[in-house]
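Structure first, commentary second.
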Amino acid sequence: MFGNLRDKLSKTRSALKQRLDSLVKSGKPREEILDDLAEALILADVGVAATEKIIASVRERTSKTDGFPEIREALKADLVERLSRAAAAPGPAAPAGRLAVWMIVGVNGGGKTTTIAKLARRFRDEGRSVGLAGADTFRAAAQEQLAVWGERLGLDVVKGRYGGDPASVAFDAVHHALRTGQDIVLVDTAGRVHTNANLMQELEKIKRVLGREVPGAPHEILLVLDATIGQNALVQAREFLKVSGITGLALTKLDGTAKGGIVVAIADELSLPIKYVGTGEGEDDLIDFSPAAFVDALFE
Ligand SMILES: Nc1nc2c(ncn2[C@@H]2O[C@H](COP(=O)(O)OP(=O)(O)OP(=O)(O)O)[C@@H](O)[C@H]2O)c(=O)[nH]1
Ligand SMILES: [Mg+2]
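Number 195 in the numbering used here belongs to position 202 of the sequence shown; there are no gaps in the numbering.
Following this line, the structure appears as structure tokens:
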């Protein structure tokens, strides 16, 4: 899994590595190294705010040395701690032996439906009975896309009518799950409706209906963010934080970007745990996020 992540992060890694390697050879004084390091982090999309904090921390940790290897180790240690703080936030209570309901939210094209397929495949392989709910009724093709995944994975999909009420699809899906003894239902949602305000209202309504029908539901609300859009992912995240009760993040398309530093920016700014990382379009391209493995994969 670690090797896989390392391969998938090759674009980010090689961009960062090039800059760090040139620092090693440069023999520059400490202050210049720290300046260059800040620039490298910003170019990797760590963002200005997080970069300033990281550099301050590296400065403190290495106050007695000029050596680049020490600075590099201090950087790695800071990143692991920074990412771990977000990862350590408490997760949702898992209802043992009862139906679990997860809602997946995020901007259109971010990777919600694909992430649902990946999660479904994983839960199915663990022996859990999984249902899918197509509560994205805004886009005509959305139901079809989920249905294709359902067929491929051999799972029931409760679909809605194009233009229909997404909350009623969620209602139908949980009742189908309760009737058939499913263990977990993954609810796909729209990434775009007529306005953002409508979308947030719609998501709140789905949430409300789920909570009314199943105690404690939704047990997890995963916000899916596309890592390739860099700092815009943060802008999108702030918008979705208007939906109350988001329990964690899934960052997608880490395989396709040279700017994996966005992971650090997101962890630093949002106090939400990064739970999953998407590393491809396939159903098994999903990794549990681990701060240490991520940082190792970046610097290996
Ligand atoms: N390379 C790569 N592509 C991904 C990943 N996750 C999703 N994609 C691709 O991104 C595109 C959009 O993914 P979807 O899952 O349809 O996104 P969505 O959020 O459901 O989009 P809407 O239904 O329009 O709101 C598809 O082409 C996916 O194959 C990933 O981790 N890596
Ligand atoms: Mg979708």
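Using N, Cα and C, we set each Cβ at its ideal position, and we do this for glycine too.
Under 7 Å Cβ to Cβ from residue i, same chain only, skipping five residues before and after it: list those, please.
i	result
Leu2	Leu247, Gly253, Ala290, Leu291
Arg65	Leu13
Gly275	none
Ala33	Leu9, Arg12, Leu13
Thr55	Glu63, Ile64, Ala67
Ile48	Leu27, Leu30, Ala31
Gly249	Thr221
Ser122	Gly174, Gln175, Asp176
Ile35	Val41, Thr44
Ala230	Leu216, Leu218, Ile259, Leu263
Ala166	Gly124, Ala126, Val151, Val178, Val180
Lys4	Thr250, Ala251
Glu197	Val236
Using only alpha-carbon positions, find the residue among the options that is nearest to residue i.
i	options	result
Arg6	Ala251, Pro266, Gly153, Glu213	Ala251
Ala126	Glu119, Trp95, Arg132	Trp95
Glu262	Arg52, Pro22, Ser77	Ser77
Ala89	Glu32, Gly209, Glu197	Gly209
Gly204	Phe233, Ala286, His168	His168
Gly20	Val236, Ala230, Phe61	Phe61
Glu119	Ile177, Lys105, Phe282, Val256	Ile177
Phe164	Ala79, Ile199, Ala49	Ile199
Asp278	Glu293, Ile255, Arg115, Trp142	Arg115
Ala285	Leu216, Val73, Glu24	Val73
Thr188	Glu45, Phe233, Ala113	Phe233
Ala170	Gly238, Leu216, Glu206, Gly103	Glu206
Arg201	Pro159, Thr106, Lys111	Pro159
Gly238	Lys4, Arg75, Val98, Leu36	Val98
Lys111	Ala43, Lys235, Leu146, Ile35	Leu146
Leu218	Gly104, Lys235, Ser15	Gly104
Leu296	Lys235, Glu293, Pro211, Val236	An answer regarding residue 296 cannot be provided, because it is not within the stretch -6 to 293 covered by the chain.
Thr108	Leu179, Ala166, Arg75	Leu179
Val288	Arg75, Glu24, Ala166	Arg75
Glu24	Glu293, Arg117, Glu53, Thr106	Glu53
Could you give the residue range of the alpha helix (DSSP H) that holds residue i?
i	result
Val167	159 to 173
Thr245	Taken as a continuous stretch (DSSP letters only), Thr245 belongs to no alpha helix (DSSP H), being part of the beta strand (DSSP E) at 241 to 245.
Gly143	133 to 146
Ile199	189 to 206
Thr182	Where Thr182 is concerned, there is no enclosing alpha helix (DSSP H), although the beta strand (DSSP E) it sits in stretches over 177 to 182.
Val17	3 to 19
Going by other Cβ atoms of all chains shown within 10 Å of its Cβ, with 16 needed for buried, is residue i buried or exposed?
i	result
Thr58	exposed
Pro22	exposed
Arg154	exposed
Val162	buried
Val41	exposed
Arg172	exposed
Ala134	exposed
Asp181	buried
Gly156	exposed
Ser283	buried
Asp38	buried
Quick one: what's got a C-beta closer than 8 Å to residue i's C-beta in the same chain, skipping five residues either side?
i	result
Val51	Leu27, Leu30, Ile64, Ala67, Leu68, Asp71
Lys294	The requested residue 294 is not part of the displayed model; the chain covers only -6 to 293.
Asn(-3)	Thr272, Ile280
Leu227	Gly40, Ile255, Ala258, Ile259, Glu262, Leu263
Arg117	Val123, Leu146, Gly147, Leu148
Using a Cβ-Cβ cut-off of 6 Å (strictly less than) and excluding sequence neighbours within five positions of residue i, which residues of its own chain qualify?
i	result
Arg185	Asn101
Ala183	Asp129, Phe131
Gly143	Leu125, Val150
Phe(-5)	Residue confidence is low: Phe(-5) scores 49 on pLDDT, short of 50, so the model does not pin down where it sits. No coordinate-derived value is stated.
Ser15	none
Lys18	none
Glu293	Arg(-1)
Lys46	none
Could you pull the start and end residues of the beta strand (DSSP E) that residue i belongs to?
i	result
Leu27	Counting along the chain, Leu27 falls outside any beta strand (DSSP E), though it belongs to the alpha helix (DSSP H) covering 23 to 36.
Val217	213 to 219
Is residue i a contact residue of ligand 3, with contact defined as CB to any heavy atom under 6 Å?
i	result
Thr188	As presented, the structure is devoid of ligand 3, carrying ligand 1 and ligand 2 as its sole ligands.
Item to check | Cβ contact check for the segment 265 to 273 and the segment 228 to 247: 3 or more pairs under 8 Å | outcome: yes
Checklist entry - Just checking, does the segment 186 to 199 make contact with the segment 215 to 223 on the three C-beta pairs under 8 Å criterion? => result no
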